[in-house]
Structure formats: C-alpha cells, structure tokens
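Asker:
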Amino acid sequence: MDDKNKEKLPAKEHDSTFKLLFENPKDVYLLVSKIINYSWANEIRESSIEIKKTNYITREFSQVEADVVAKARLKDRDVYFYILIENQSTVAKDMPERLLRYMISIWAEEIRNGVEKLPAIIPIVVYNGLDRRWEVPTDIIGAFDIFKNDIFKYKVVDIAQVDIKSYLKEEDVLTPIIFYLEQVRNDSNELIRRLQEIDQSLKKLSFNNIERFLLWSQNVIRPRLGEEQKKEYDKIVERVKQKGVELMGEFVSNVARLLDETKTKEFLAGVQQGIQKGIQQGIQQERIETAKRMIQLGISYEVISKATNLSIEEIEKIAREMLS
C-alpha cells in the first residue's frame, strides 16, 4: 500500500492502547530495569509497584491527566517514588512543560496528604513514531544554566531504536511483543513475518494480556485490512476472547493470511487501475491524432469537437502546437 492510500492510525486511540500496556506492574518494571536500565532499578521492590490514579485536580490546574503513574519502593529503604510514563506517537515540542505540570500536580497531591518529604518522580516518554526521531530536548527545565544537566531530565524510549528482541523470552510480559511489532507496523510483509515469529510468546500470555494485545491489534492491525478481511478478523477476535490462549496460534495464522490477502488485493487493484489509465490515455491520444488530421483538412473546430469529444479550447491548443 503506498503512503498516499495508507490508512492513517488515529493517534489518540493508539496512545490509549499504549496507556493500557503500562497498566501492568510487570511491564513497568521491565521498562525501567531492562529496556532503559536505570542504575537504581535493580533496587526496586518489584512487588511494591502499583498503578496510581492519573487524574489530579489542583488549584493551579483544573485537571491534569498523565498517561501512567506508578508508585514503587526500593528494597532495603523505606523510600517510595513515582514513575511517570507518557505515551507519544507524534513529536510534542511542549513535552518538557507537560511533564513538569504532571510532576507539580503529583507533588501538590502529596503535600495535601501531609507528606514530610517529597518523593522522587522519574519521567519517561515512550515514543512510538516511526517517521521522525525524537528531537525535543529532554531537559525539563533548561533555564537553570549550569544545573541543567543534573535536574529535571526525562528519558525517551524511542521504540524504533530499541533492541527489543532479546526480551521476547520474558514470561507473560506484553511490552516486548508490542514494541517488536510496533517497529514494523508500516511494513505489512515484516509485520506478517514478526507475528509468525512471536507465535510462541503470544501463546504464553495470560488472558488479561491477551485482551490487551487484542486492543492493540484492533488499533494497529485491523485498520490495515480490507473491508471483507475486517469482518473475518472480528469473528476471529471474538473466538479468541471466548477461548483465550488456546486460539492464539489460530489468531496469528489467520491474521497473517488476512494481511496478505489485503496486500494482494491492493496490488491487483493497482494493476487494474494502471491498465484502465493506459487505455484512457490511448483513447485520448487517438482523439488528438484525429483532431490533427481534421485540422489539416480545414474542417471547422465545431465539427472536430463533435467528432472527437475534445473541447474547442483543446482543439485550439492542438492547432497552436502544430504551428509552432
């Protein structure tokens, strides 16, 4: 499918799918401890990770809503902190200011709850855009001059640049699977190949993760299918929702087939369109040649127009070109 005719993904729906991805503590832990590999991440008490509400109402901001906020503690210290994850499919120049608003809102909530010491907040942007690299500065506040390299910085997980394949063996964690497929979502051939490659990983997912995977698939794979293929896809998804992991192998093989069918139909439609265009061009050229012969015979433009279906303006243009 060429870029002009490619169905565009609805960015907001796509970002919402990624929000669901990180509503699982296991996915959050994998992100900070292995994909980003923060130096302190191994000290996290994994069982302490909990997903917090993301809606904060403050006097300063009528409503501020981050994508995912996780609260966690370190193993040997009674210290808790927040991991703030913002999912982004397009480059957002206001990201530093947006993250700062989220952070201020979280801290304001903590102060209202009587906290004595403000917790650390680790901001992360998960960027899944494939057409552009993330080029926005990662300084949250760049105006502090000599301190700007040490305070208020966030990490960018640029999915297209992550070597994610080695994490596919992680047990019942959805992030590596989604990242691996996201990297090639604009290439149907590679998407088919990777779907088939991760067949075994999909078969090991819990029912909750299967539902989350199907939601991602609804927003990324289904829009790439033809109308008939979409109907069949919907039936397959309903069967998977009813029976769960035992049908994931069937899901992969059928979705790969539906993607391939759509690609083949689009190719054949393009070929047919090219043939029709060639025929029309040939007919038009024949009309022009007929008009030239009639002009040489001195036949009036009105008669030529009726005989060839060309407009008077087109015939006049042909006559001028014959004289030049």
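Its first residue numbered 1, the sequence shown is counted upward by one per residue in full-length UniProt numbering.
Beta carbons: idealized from backbone N, C-alpha and C, even for Gly.
As the structure is a computational prediction, the values presented were derived from the model and not from experiment.
1. Whole angstroms are fine: how far does the CA of residue 199 sit from the CA of residue 155?
2. Which runs of the alpha helix (DSSP H), 4 residues or longer, sit entirely within the stretch 82-119?
3. Apart from the five residues on each side of it in sequence, which residues of its chain come closer than 7 Å, Cβ to Cβ, to residue 179?
4. Alpha carbon to alpha carbon, what distance is there between residue 120 and residue 87?
5. On the three-state DSSP scale, how would you describe residue 45?
6. Compute the Euclidean distance between the alpha carbons of residue 107 and residue 73, then round it to the nearest angstrom.
7. Could you check the C-alpha separation between residue 39 and residue 32 for me, to the nearest Å?
8. Bridge partners for residue 123 per DSSP, in chain order?
9. How about residue 212 and residue 181: are their beta carbons less than 9 Å apart?
10. From the DSSP secondary-structure annotation, give me the bridge partner or partners of residue 158.
11. Since residue 68 and residue 23 are thought to touch, with beta carbons under 8 Å apart, how far apart are those beta carbons, to the nearest angstrom?
12. Report buried or exposed for residue 271, applying the criterion of at least 16 other Cβ atoms within 10 angstroms of its Cβ.
13. List the whole-angstrom C-beta distance separating residue 136 from residue 35, where the pair is believed to meet the contact cut-off of C-beta under 8 Å.
14. Locate the alpha helix (DSSP H) running through residue 71, then write down its first and last residues.
15. Examine the Cβ distances between the stretch 243-261 and the stretch 186-195 and report whether three or more of them are shorter than 8 Å.
16. Whole angstroms are fine: how far does the CA of residue 123 sit from the CA of residue 93?
Answerer: Walking through what the data contain:
1. 31 Å
2. If we require 4 residues or more, the alpha helix (DSSP H) runs fully inside the stretch 82-119 come out as 95-112.
3. 159, 162 and 164
4. Answer to the nearest angstrom: the Cα atoms are 20 Å apart.
5. coil
6. 17 Å
7. 9 Å
8. 84
9. no
10. 127
11. 7 Å
12. The pLDDT assigned to residue 271 is 49, lower than 50, so where the model puts this residue is not dependable; a value taken from the coordinates is nonetheless given after this. Flag for residue 271 reads exposed.
13. Going by Cβ atoms, the distance from residue 136 to residue 35 rounds to 20 Å, so no, they are not a contact pair.
14. Element bounds for residue 71: not the alpha helix (DSSP H) but the beta strand (DSSP E), 68-73.
15. The stretch 243-261 vs the stretch 186-195: in contact.
16. Rounded to the nearest angstrom, the two C-alpha atoms are 16 Å apart.
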